[in-house]
Each structure stands twice: as structure tokens, then as C-alpha cells.
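Protein chains in written order, with the working numbering: chain A, 1 to 111; chain B, 1001 to 1115.
One structure is given below, encoded as C-alpha cells.
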Amino acid sequence: GDSVTQMEGPVTLSEEAFLTINCTYTATGYPSLFWYVQYPGEGLQLLLKATKADDKGSNKGFEATYRKETTSFHLEKGSVQVSDSAVYFCALRDNAGKSTFGDGTTLTVKP
Amino acid sequence: GAGVSQSPSNKVTEKGKDVELRCDPISGHTALYWYRQSLGQGLEFLIYFQGNSAPDKSGLPSDRFSAERTGGSVSTLTIQRTQQEDSAVYLCASILQGSGTYEQYFGPGTRLTVT
């Protein structure tokens, strides 16, 4: 079946550092790929998405590019802020609508 | 507008009892998902309803778990004869099919504790 593997956390960075959270997937067909974020005390919400190969999703300074050749969707941000501290989940949605999530990566940004 | 709501927000039950968890999706959303999030773990897919199609139940961990969606709207997840390993946060999400975004809107979850 489908699976999503993301970088284990927790990840601790200083403010303005560069962030990469790796995500790779296995799936049949051509899934859509997502990053969701869960801020402390809040529910899960969509951060960005990409629906086909070579698409780049971006939002709030975060970016991720759908790489079919490496089956990856790594999340990046050039300069993190304390307010980016959260748990980040990589996910895919197959053509039948079923979704698979990674285990989540906890990011803590220190001032 | 109103988001996805779930009730109760917290439920403490004794081992062996049955529990029902409720999800009210966003009005007009045709697809609905149930997930389970155990402490420190990712989201475990449980079941997926899409319109009038037969639900995808492939994620239900045992026959003690069942779910239904009445009238294409409200959904109830039932856990029979609860066990301690059922303790987790149960999340519901809905999607507006055909929107092209496939964004899942999540509810706040129900925290289930089995003692």
C-alpha cells in the first residue's frame, strides 16, 4: 500500500536558520502531495500542496517541489521564525481519494 | 463559515464499554475521513466516505470499529468493547469533492481515554 516517510524529529533551529524537512513516498499512480501543519493547541491545517510532477507548492515562505523521479516532496524555508514552531505532516492522496500521512516532524525555533 | 465539528471533545471510558464519536463536516462537503492519532504518532487512516459510494474501510484496525455516515452528512465512529490501546485522539476531516484542491479540513478531534 501507499506510504509516506518523513524526517524524524524533533528538529531544533535558531531563528533565521534554513529549514529542510525530508519527505519521500511510495504510491501507485500519480498521487497529490501535501504538507499539513499543526500549531500548538490548534488543529491540522493545510500548508501547501502539489498535484503533479514538478509542481511547486508554496505558502508563508515555505516551499516544496513534487519530484517524481526521487518520489520526494521535501519542505523548505529559507529563514524560520519562532512562530513556525509546530508539527509538520507530509501526506499523499491517491486517485481513489484515500490519504496517507507521515508520522510528523516537530520543529522548535529558538529566538 | 462553520468548520468541521466533533463531539465530545474529551471522552473517558472504562475498558470494555462502547463509545460513539460524532463528526459534523462542513456543509456541502461530500467526502469525509476518520483518522486516529496516538501520542507522538502520525495520523492513522481509519475510514473514508465519498458521496454515495461504498466507504473505504481498509484502515479500521479491528471489527470492534465501525462507522456510518447518515444522509451524506454527519458521521459516527463507534468503538465496541474498548481497550486501553484505543486511547488516542480521533480526528475527522472533510473535503469538497470537485473543488480541485483536495484540501482536507480537520475538526478539533475527540480525545479518547480508556481506563
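All C-beta atoms in this analysis are idealised placements derived from N, C-alpha and C, irrespective of residue type, glycine included.
Beta-carbon proximity of residue i to residue j, cut-off 9 angstroms
i: Ser1005/B; j: Cys1023/B; result: yes
i: Phe1065/B; j: Gln1050/B; result: no
i: Ala1076/B; j: Asp1018/B; result: The sequence shown places Thr at residue 1076/B, rather than the Ala named in the question. Against a cut-off of 9 angstroms, the Cβ pair of Asp1018/B and Thr1076/B comes out as no contact.
i: Leu107/A; j: Ser99/A; result: no
i: Tyr36/A; j: Leu19/A; result: no
i: Lys49/A; j: Phe34/A; result: yes
i: Ser1073/B; j: Pro1025/B; result: yes
i: Asp103/A; j: Glu15/A; result: no
i: Tyr88/A; j: Gln6/A; result: yes
i: Thr1115/B; j: Glu1014/B; result: yes
i: Tyr30/A; j: Ala64/A; result: no
i: Asp55/A; j: Thr28/A; result: no
i: Ala1093/B; j: Leu13/A; result: no
i: Val1089/B; j: Gly1059/B; result: no
i: Leu1043/B; j: Leu1112/B; result: no
i: Thr24/A; j: Thr70/A; result: yes
i: Val109/A; j: Ser72/A; result: no
i: Gly1071/B; j: Gly1003/B; result: no
i: Ala1067/B; j: Ile1047/B; result: yes
i: Gln1097/B; j: Gly97/A; result: yes
i: Val11/A; j: Thr105/A; result: yes
Proximal residues of chain A, C-beta to C-beta of residue i below 9 angstroms
i: Phe1045/B; result: Lys98, Ser99, Thr100, Phe101
i: Asp1056/B; result: Ala96, Gly97, Lys98
Beta carbon proximity, residue i to chain B, threshold 9 angstroms
i: Ala91/A; result: yes
i: Thr12/A; result: no
i: Thr51/A; result: yes
i: Tyr39/A; result: no
i: Tyr66/A; result: no
i: Leu75/A; result: no
i: Tyr36/A; result: yes
i: Gly29/A; result: no
i: Gly61/A; result: no
i: Gly43/A; result: yes
Chain B residues whose Cβ lies nearer than 9 angstroms to that of residue i
i: Ser32/A; result: Tyr1102
i: Leu107/A; result: Neighbours of Leu107/A on chain B: none; closest Cβ ~15 angstroms, over 9 angstroms.
i: Gly78/A; result: Those do not exist, as Gly78/A stays about 25 angstroms from chain B at its closest Cβ, beyond 9 angstroms.
Minimum Cβ-Cβ distance from residue i to chain A less than 9 angstroms
i: Pro1108/B; result: yes
i: Tyr1033/B; result: yes
i: Tyr1090/B; result: no
i: Ile1095/B; result: yes
i: Gln1083/B; result: no
Chain-ordered chain A contacts of residue i [CB-CB under 7 angstroms]
i: Gly1042/B; result: Phe89, Phe101, Gly102, Asp103, Gly104
Residues that DSSP places opposite residue i in a beta bridge
i: Asn114/A; result: Not covered by the structure: residue 114/A. The range shown for chain A is 1 to 111.
i: Thr1013/B; result: Val1114/B
i: Val87/A; result: Gln38/A, Thr106/A
i: Arg1064/B; result: According to DSSP, which records beta bridges pairwise, Arg1064/B is partnered with nothing at all.
i: Glu76/A; result: Thr20/A, Glu63/A
Chain B residues whose Cβ lies nearer than 7 angstroms to that of residue i
i: Gly9/A; result: Neighbours of Gly9/A on chain B: none; closest Cβ ~10 angstroms, over 7 angstroms.
i: Leu47/A; result: Near Leu47/A there are no residues of chain B at all, since even the closest Cβ is about 10 angstroms away, more than 7 angstroms.
Per-residue contacts from residue i into chain A (C-beta, under 8 angstroms)
i: Gln1050/B; result: Gly97
Review point. Do three or more CB pairs link the segment 1024-1042 of chain B to the segment 69-85 of chain A at distances below 8 angstroms?
Key: no
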